[in-house]
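Here the structure comes first, spelled out in structure tokens, and everything after it is commentary.
Protein chains in written order, with this note's numbering: chain X, 1 to 791; chain V, 1 to 261.
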């Protein structure tokens, strides 16, 4: 039987999703359904003096109006920060209370003040207009780089500083810098982004007063985590009385990893009014209240020798985490960012210092790549600048500093198990026809266009994560993954995974793995995920982890099935277990060629009695049934890497910048389904190029979100992109039996520096993201002036 | 969205009779519906005019092209008559928004709304259009009176827009990358005895850039604009583009338009 691993199997889930037969949270409506509408703060920062709900309560169709006081009275806990970070001086991070409904103060536009629950959404919305909130408006703290010098938002958090974290050795870095021929310096802004999942967030909580159980449908990347947080921390219901279902989910990009105020409030309110409560965000609410991404201000320096050898690196970053510390807000700019900031290079000395600040803006949390795009943008624009200043070829300076021996102990944390960075960059130069660039540049010039080329070589640490490592670094949970493989009596298979698919194609990829391992046809395997009442506890999908961690759990569970199957087959075939081999779905005795299919064995496991001539196939002491569970905790992160080369064309008259050629060569280890992997790369590139050229979240000085709709927030579109040239190299991961490394975030990590390096190559000066037409046009004016001076 | 009464009307008389100070005509609904959904506008009566046959369609004569007010952008973009008589107008329609907008949005709706960065108002100014309403004819230069404002009276309904066929014309725009409305759009049209340079997106309302128009009247070539200076005074400034950038782009896009004429 040909292996399914590595074949371009079309996505099993697409028929459903593309024909409108998916079932999303908004599609779920219960009998006696009520509808919630949130009263949100119109101010970035204000004290709540009074909330008057009396008029709203009398409004047509209103069932209840609940406020911060009500939720506090019921002792519902606040939203949590899931990762404890310590400052350089050893002190714990400082985080403010984050009640699901505010009762004392509001701290960003969109912050939750009250909820109106009514018989219809229109009635809820109309009544929400009648809730009178008396605010004392205070001066908002908005800008990342000014937060530490502004008024304290929370009285017990001086300088609005959550933590001042250091990774690395300042002394060693100083020594390295003292020895340098040249110090390359760069100041960067990593622009704030709004995730914009296609499906807005939603929740529908249904409390059953007779069983006291809540069923919560929600748009989650991680339903098990939602359940444990809502029960253990918010205290809405015990874990055994809370079932969380994340059905089809239309994208998350990190913004749906953890529960928000709305899920907590809907669950609590459903219990209170003993009716189901449904909330679906409108697009404006998504812009205002989904956790945003990135938002760093960075100063970085690279110490180099004249021959291009790197000696040391320092990174001083201010990370804006918004008004409250969201679940992964504190790890994203620290352990997901700092270690990767030295890039894919041998770097004898390095440190990353990150100050995380609170501002009166929406919380900032993990967004596709989470910390690694920020790290890669820092080092890769710095390296390209070093090449410019040293007069070296951008490929040459990179290759000079690549490690060539693996495992490679990276400067700050990671031991990288495998890779071949030279091979990746060489292949990218080949696929992208680097040699032909000058010719293409001249051709562009003949049309009055400036053509630029930019490189990015990256590595990232994903496959999150070894529990022992992350817990020692402050994570409040382990990050292993579970799988249960269940043979049904008739021989087909249901695989339960603790990870969650919201676009990644698990129904297909995971089925390919199980089909190969068990020798069962692909169409006889169903993947089940997203329901805490089905299958074991798991940790969901983010950090390019599902295949390496969750896929491995499936492999291990399949192996247990085969091990038990061998015992049963041996009994059925009347031989010793050691004489039975398993191949392509058959248990075979080599010497006699007698065999039983895995389906026959499964059927026998479910009919273990003795009935006339039929004798139980189960060996002495073996339990009936054929179902195995496995929990996989990886020994290391996985380390995808690659080199991307971007070419842009700038119209110097208008500043309009177009990506005209893009080459991505990635090493994702073993690839299970190239079709899905290519799709993941395309999506990541769209978001990465989006960050570089188009997307930007903008708050005005009073903390009002200016880019709160698609009229002002530029989502990239298909016509913004050229055909992408993709290529792959492969050094299998050694930390999991599949050899996979993860591919979901690579595009978003590598593209921003590749694009920006190309823009800077074209116009000759530094330009900040997003490289809008006006910014690029200004850079062109500057270039013209300096050219005319030189002339 | 607040509840409202929906009326589907069969003729102009019925539609205008229903109109009041708390009503809106509905054609493509490209602005009216989102405004209602966002709670920025609410009406007692929505008067749907899409079924009024007379309001839709394209007619060309030797001198002008007349387009019914509920004619969709896609119909203008694909019209053989328009492509032949005023190709730049078909091209403008083809560049509005995205396919969804072009399949629903109408020319009458666009000019009645008079969004400062909409495309069609520039065509009206450049092509000396006459706006035919249910009770009068208004010349384009008297029609667009300010940001989202026109000389239409309450309950007055646009029936058709009549464009003068120019000798040469071209519309060029730099679209806002988010909304794809014009950050700056310049419609250059050379008529027998005059030149119009209608600019949209740059100021609070579409206008005729006389300094460029007079330079082109003397010498219809892009080089004749080299020494023209466009002041940024009165230009829009927002997160997408500063007034200075817009001022520069007015000239750049006028040149592009002249070169492409």
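Using N, Cα and C, we set each Cβ at its ideal position, and we do this for glycine too.
Just so it is clear, the structure is predicted and the values come from calculations on it, not from any experiment.
(request) Mind checking the stretch 226 to 257 of chain V against chain X and listing, in chain order, the residues whose C-beta falls within less than 7 Å of any C-beta there? (result) 239, 241, 242, 245, 249, 252
(request) Leaving aside the five residues before and after residue 715 (chain X) along the sequence, list all residues of the same chain whose C-beta is less than 8 Å from its C-beta, in chain order. (result) In the first chain, residue 715 (chain X) corresponds to position 715, counting from 1. Counting only Cβ-Cβ distances below 8 Å, and skipping sequence neighbours, we find 196, 690, 694, 695.
(message) Measuring CB atoms only, is the stretch 449 to 458 of chain X touching the stretch 644 to 654 of chain X, in the sense that at least three cross pairs come out at less than 8 Å?
(response) yes
(request) Using a Cβ-Cβ cut-off of less than 7 Å, give me the residues of the stretch 170 to 186 of chain V that come near chain X, in sequence order. (result) 174, 177, 178, 179
(message) Going by beta-carbon coordinates alone, are residue 281 (chain X) and residue 200 (chain X) separated by less than 7 Å?
(response) Numbered from 1 along the first chain, position 281 holds the residue referred to as residue 281 (chain X). Numbered from 1 along the first chain, position 200 holds the residue referred to as residue 200 (chain X). Yes.
(message) To test your reading of the DSSP string, which unbroken beta strand (DSSP E) runs of 3 or more residues are found completely within the stretch 693 to 770 of chain X?
(response) 724 to 729
(request) Return helix, strand or coil for residue 353 (chain X), following the three-state DSSP convention. (result) As a working note, residue 353 (chain X) is residue 353 in the first chain. The answer is strand: DSSP assigns residue 353 (chain X) an E or B state.
(request) List the DSSP bridge partners of residue 669 (chain X). (result) Position 669 of the first chain, counted from the first residue, corresponds to residue 669 (chain X). Paired residues: X:740.
(message) Taking a contact to mean a Cβ-Cβ separation below 7 Å, would you say residue 550 (chain X) touches residue 628 (chain X) in this structure?
(response) Here residue 550 (chain X) refers to the residue found at position 550 when the first chain is read from its first residue. Here residue 628 (chain X) refers to the residue found at position 628 when the first chain is read from its first residue. Their beta carbons are not under 7 Å apart, which means residue 550 (chain X) does not touch residue 628 (chain X) by this criterion.
(message) Using 8 Å for Cβ pairs, my map puts residue 123 (chain V) next to residue 187 (chain V). What's the rounded Cβ distance?
(response) By one-based count along the second chain, residue 123 (chain V) stands at place 123. By one-based count along the second chain, residue 187 (chain V) stands at place 187. The pair is a contact, with the Cβ atoms about 6 Å apart (cut-off 8 Å).
(message) Measuring straight from C-alpha to C-alpha, what distance separates residue 135 (chain X) and residue 291 (chain X)?
(response) Here residue 135 (chain X) is taken as the residue at index 135 of the first chain, counted from 1. Here residue 291 (chain X) is taken as the residue at index 291 of the first chain, counted from 1. Going by the C-alpha atoms only, they are around 24 Å apart.
(request) Tell whether a beta-carbon distance below 7 Å holds between residue 419 (chain X) and residue 731 (chain X). (result) Residue mapping note: residue 419 (chain X) aligns to position 419 of the first chain, counting from 1. Residue mapping note: residue 731 (chain X) aligns to position 731 of the first chain, counting from 1. Yes, the pair counts as a contact, with Cβ atoms nearer than the cut-off.
(message) With a threshold of 7 Å between beta carbons, is residue 37 (chain X) in contact with chain V?
(response) Residue mapping note: residue 37 (chain X) aligns to position 37 of the first chain, counting from 1. Closer than 7 Å: no.
(request) Note the first and the last residue of the continuous alpha helix (DSSP H) segment covering residue 311 (chain X). (result) What you label residue 311 (chain X) is simply residue 311 of the first chain in a count that begins at 1. Element bounds for residue 311 (chain X): not the alpha helix (DSSP H) but the beta strand (DSSP E), 310 to 320.
(request) Could you pull out every residue in the same chain whose Cβ sits closer than 8 Å to the Cβ of residue 390 (chain X), ignoring the five residues on either side in sequence? (result) Here residue 390 (chain X) corresponds to residue number 390 of the first chain, with the count starting at 1. Once the five neighbours on either side are set aside, the close Cβ partners of residue 390 (chain X) are 182, 304, 306, 308, 397.
(request) Assess, as a yes-or-no matter, whether the stretch 651 to 658 of chain X is touched by the stretch 759 to 775 of chain X under the definition of 3 or more beta carbon pairs within less than 8 Å. (result) yes
(request) Note down, in chain order, every chain V residue with its Cβ under 9 Å from the Cβ of residue 714 (chain X). (result) Taking the first chain and counting its residues from 1, the one referred to as residue 714 (chain X) is at position 714. Result: 176, 177, 178, 179, 240.
(message) Are the CB atoms of residue 458 (chain X) and residue 254 (chain X) within a distance shorter than 7 Å?
(response) As a working note, residue 254 (chain X) is residue 254 in the first chain. As a working note, residue 458 (chain X) is residue 458 in the first chain. Cβ distance not < 7 Å, so residue 254 (chain X) and residue 458 (chain X) don't count as in contact.
(request) Count the C-beta pairs between the stretch 345 to 362 of chain X and the stretch 732 to 751 of chain X that are closer than 8 Å, then say yes if the count reaches three, no if not. (result) no
(message) Do residue 348 (chain X) and residue 414 (chain X) have their beta-carbon atoms positioned less than 7 Å apart in this structure?
(response) Within the first chain, residue 414 (chain X) is the residue found at index 414, counting from 1. Within the first chain, residue 348 (chain X) is the residue found at index 348, counting from 1. Not in contact: residue 414 (chain X) and residue 348 (chain X) (Cβ atoms no closer than 7 Å).
(message) Quick check on DSSP: helix, strand or coil for residue 2 (chain V)?
(response) Residue 2 (chain V) sits at position 2 when you count from the first residue of the second chain. Note: residue 2 (chain V) maps to coil in three-state DSSP.
(message) For residue 228 (chain V), tell me which candidate among V:72, V:241, V:248 has the shortest Cα-Cα distance.
(response) In the second chain, residue 228 (chain V) corresponds to position 228, counting from 1. It is V:248 whose Cα lies nearest to the Cα of residue 228 (chain V).
(message) Quick check: the Cα distance between residue 34 (chain V) and residue 69 (chain V), rounded to an integer number of angstroms?
(response) Counting from one through the second chain, the residue named residue 34 (chain V) turns up at place 34. Counting from one through the second chain, the residue named residue 69 (chain V) turns up at place 69. Those two C-alpha atoms are separated by around 20 Å.
(request) Go to residue 133 (chain V), then tell me how far its beta strand (DSSP E) extends in each direction, as first and last residue. (result) As a working note, residue 133 (chain V) is residue 133 in the second chain. First-last of the beta strand (DSSP E) with residue 133 (chain V): 130 to 133.
(message) Let me confirm a value: residue 10 (chain V) is counted as buried when at least 16 other C-beta atoms fall within 10 Å, else exposed. Which label applies?
(response) The residue you call residue 10 (chain V) lines up with position 10 of the second chain. Label assigned to residue 10 (chain V): exposed.
(request) Compute the Euclidean distance between the alpha carbons of residue 515 (chain X) and residue 2 (chain X), then round it to the nearest angstrom. (result) Locating residue 515 (chain X) in the first chain gives position 515, where the first residue counts as 1. Locating residue 2 (chain X) in the first chain gives position 2, where the first residue counts as 1. If I take the Cα positions, the gap works out to 11 Å.
(request) Would you mind working out which of V:183, V:135, V:45 sits nearest residue 5 (chain V), comparing C-alpha positions? (result) For the purposes of this step, residue 5 (chain V) is taken as the residue at position 5 of the second chain. Considering only alpha carbons, the answer is V:45.
(request) Specify the secondary structure class of residue 372 (chain X) as computed by DSSP and reduced to three states. (result) For the purposes of this step, residue 372 (chain X) is taken as the residue at position 372 of the first chain. Note: residue 372 (chain X) maps to helix in three-state DSSP.
(request) Anything in chain V within Cβ reach of residue 779 (chain X), meaning under 9 Å, just list it in chain order. (result) Counting from 1 along the first chain, the entry for residue 779 (chain X) is found at position 779. Those do not exist, as residue 779 (chain X) stays about 13 Å from chain V at its closest Cβ, beyond 9 Å.
(request) Could you check the C-alpha separation between residue 220 (chain X) and residue 248 (chain X) for me, to the nearest Å? (result) Translated into the one-based positions of the first chain, residue 220 (chain X) becomes position 220. Translated into the one-based positions of the first chain, residue 248 (chain X) becomes position 248. Going from the Cα of residue 220 (chain X) to the Cα of residue 248 (chain X) covers about 9 Å.
(request) Verify whether the separation of the beta carbon atoms of residue 534 (chain X) and residue 487 (chain X) is less than 7 Å. (result) Start at 1 with the first residue of the first chain, and residue 534 (chain X) comes out as number 534. Start at 1 with the first residue of the first chain, and residue 487 (chain X) comes out as number 487. Going by C-beta atoms, residue 534 (chain X) is not nearer than 7 Å to residue 487 (chain X).
(request) Output, in sequence order along the chain, the residues in the stretch 699 to 713 of chain X whose CB is closer than 8 Å to any CB in chain B. (result) No chain B appears in the structure shown, which is made up of the protein chains X and V.
(request) Please check if any C-beta of chain V sits within less than 7 Å of the C-beta of residue 653 (chain X). (result) As a first step, residue 653 (chain X) is located in the first chain; it is residue number 653 there, counting from the start. At least one chain V Cβ lies under 7 Å of residue 653 (chain X).
(request) Spell out whether any CB of chain V is found under 7 Å from the CB atom of residue 774 (chain X). (result) For this step, residue 774 (chain X) is matched to residue 774 along the first chain. Cβ-Cβ to chain V under 7 Å: yes for residue 774 (chain X).
(message) On the criterion of 16 or more Cβ atoms from any shown chain inside 10 Å, does residue 615 (chain X) qualify as buried, or is it exposed?
(response) Position 615 of the first chain holds residue 615 (chain X). Exposed, by the Cβ-count rule.
(request) Taking residue 694 (chain X) as the query, report the chain V residues whose CB atoms sit under 9 Å from its CB, ordered along the chain. (result) Here residue 694 (chain X) refers to the residue found at position 694 when the first chain is read from its first residue. Residues of chain V passing the Cβ test: 177, 178.
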